[in-house]
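At position 385 of the sequence shown (counting the first as 1) the number is 384 in numbering that gives the first Met the number 0, and the numbers step up by one without a gap.
Notes to accompany the following structure.
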Amino acid sequence: MPLTEKRVLILGGGVAGATAGLRLAEEGIGVIIVEQDDFIGGYGAQLACKALESCQKCNGCLVEPGLADILNHPNVEILRRSRLVQASRSGDGYEVKLVQQPAYIDPEKCTACGLCLAKCPAAGEGAIRQALSPVDRPRLAINPEVCLYFKDQKSTLCREVCPEEAIRFDLSPQEISLKVEAIILATGFKPYPAENKTRYGYGRVPNVVTGLELEAQLRHEGRITRPSDGKEPKRVAFIQCVGSRDRTGNNYCSRVCCGYALRLGRMLKHRFGAEVSLFYMDFQSFGHDFDRFLASAREELETIRSMPGDVMAGPEGQVEVHYQPEPGKELICRPFDLLVLSVGLTPGQANPELADQLALELDPHGFIQAAAKGEGAGQGNGSGIFLAGTVVRPMDMAEVAAHAGRAAVETLAYLEGS
């Protein structure tokens, strides 16, 4: 079979999936990206630019060009709201079955006018979602888990105000069967659930947020506000290693938290004049000029080598952080306007199911086990299954792109030899 007639199934439409897919599509290979969400880009699409007078090399800018290219490439088909339910070996490839949930807002008709969003009584709870990436299409999607129509079958305001008649509720999931020559697993990670660290107050103390939530607000609104009253915080604290390097959480380093907290902290100070404090255990090095970067950050931020014990609600929406400044010293209580939890990266929720469907192994933490050759992306043994990005282990954005590129190269070599 000619190379241009072969097809590769990529599970995951985030940065890893888009990077690997684009590399293969440019070689003339048919690429089918299966994304469980309404929108592509994954968590990478939430990241804000953290540039000061010059670039801080956060690599958030790697996302947009790749998404724009993958959306417009003629060799790429994207199946949104879809998941793998079965995969079986068939000759030189795989026969796979997918289930795709319906698009209640027709992407061919929707003009993203926003009338449905403006009229939706449950918009604040996320009944109608918006794409975070400006290049993604469609721009809007209905979340059936929140939408009132799926609770009472009566709430149809969004449908009534849509001038394009793009909204339909009488749709059902469909099953899709495909034959592909190779599979790339790029399903990514899951952020550590901050509510599991009860002492840090997430979900209990109003002005405690995660780093990803702060990133999403900065990207979408270009500002920072306190959830409790919408005011701009003047004193912001970060707590590092939330859910990482912790025997009661995950006893490994997530590798990205130090970088994003230091960059975010510096950006908050430069753009908004915030006073920023950062509680940490120690710093994970990143980049080729880490020592200089850390020295610059320490000139602008207060870095406190202590992990807080408790977080409590204070007066006027303040967040009170209790910590020990040095071993043997008495606890100190410091008030902040906003507390940001630097949550770590955990294995994808679907990893056990995917490993079972594709006859793969999990490592002790729950990530998909890479091939025995170590850091290689491919599974070897002529299986035709390859791994890309944080499905394997925690990585920063640049590592994800490089790892996914390598997965594409290995997949191409496999296809050429099969």
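Ideal Cβ positions, reconstructed from N, Cα and C, are used throughout, including at glycine.
- Annotated three-state conformation of S276 is strand, per DSSP.
- Taking the Cβ atoms as the reference, I238 lies roughly 6 Å from P307, within the contact range of under 8 Å.
- In this structure, the beta-carbon distance from V320 to L344 does not fall below 9 Å.
- DSSP lists T345 as the bridge partner or partners of K189.
- DSSP places K150 inside the alpha helix (DSSP H), whose first and last residues are Y148 to D151.
- In this structure, G11 lies near A185, with their beta-carbon atoms less than 9 Å apart.
- Between L263 and K56, the gap from beta carbon to beta carbon reaches 9 Å or more.
- Ranked by Cα distance from A47, the first of C119, A294 and H219 is H219.
- Counting only runs of 3+ residues, the beta strand (DSSP E) found wholly inside the segment 5-33 occupies 6-10 and 29-33, in chain order.
- A contact is defined here as three or more CB-CB pairs under 8 Å, and the segment 250-269 meets this definition with respect to the segment 206-226.
- Burial of C115 is indicated by the presence of at least 16 other C-beta atoms within 10 angstroms of its C-beta.
- Around the C-beta of D355, fewer than 16 other C-beta atoms lie within 10 Å, and the residue is accordingly described as exposed.
- A distance below 9 Å separates the beta carbons of Q99 and R80.
- Going by DSSP, F237 is part of the beta strand (DSSP E) stretching over R234 to V241.
- Here DSSP, grouped into helix, strand and coil, assigns S295 to helix.
- Distances from the CA of E194 to each of T410, G242 and E163 were compared; the closest alpha carbon is that of G242.
- Assignment of Y251 by DSSP, reduced to helix, strand and coil, places it in the coil class.
- Taking the Cβ atoms as the reference, A273 lies roughly 29 Å from P326, outside the contact range of under 8 Å.
- Within the same chain, Cβ atoms closer than 6 Å to the Cβ of L261 are found at A296, the five residues on either side in sequence being excluded.
- Its Cα nearest to that of H269, the residue E298 stands out among G248, F278, E298 and D281.
- DSSP places L386 in the strand class (E or B) of the three-state scheme.
- Nearest neighbour of K196 by Cα position, chosen from P137, C240 and M394, turns out to be C240.
- Closest by C-alpha distance to D68, out of L97, D135 and M311, is D135.
- With contacts defined by Cβ atoms closer than 9 Å, L170 and A111 do not form a contacting pair.
- By the Cβ-count criterion, K328 is exposed, with fewer than 16 other Cβ atoms from all chains shown falling within 10 Å of its own Cβ.
- From the listed residues Y279, I183, A407 and F285, the smallest Cα separation to Q323 is found for Y279.
- Counting C-beta pairs closer than 8 Å gives fewer than three between the segment 85-93 and the segment 31-43, which falls short of the contact rule.
- Taking C-beta separations shorter than 8 Å and ignoring five residues to either side along the sequence, the partners of A397 in its chain run N58 and L61, following chain order.
- In this structure, G13 is the residue among P1, G13, I9 and M0 with its C-alpha nearest to the C-alpha of A400.
- Around the C-beta of Q317, 16 or more other C-beta atoms lie within 10 Å, and the residue is accordingly described as buried.
- For A312, the closest of A294, G27, F292 and F335 by C-alpha to C-alpha distance is F335.
- In this structure, A181 sits away from L21, with a CB-CB distance that is not shorter than 9 Å.
- The three-state reading of DSSP puts R79 in coil, since its state is none of H, G, I, E or B.
- DSSP places H321 within a strand segment (E or B) once states are collapsed to three.
- Per DSSP, M306 has no beta-bridge partner at all.
- Beta-bridge pairing by DSSP links A312 to V318.
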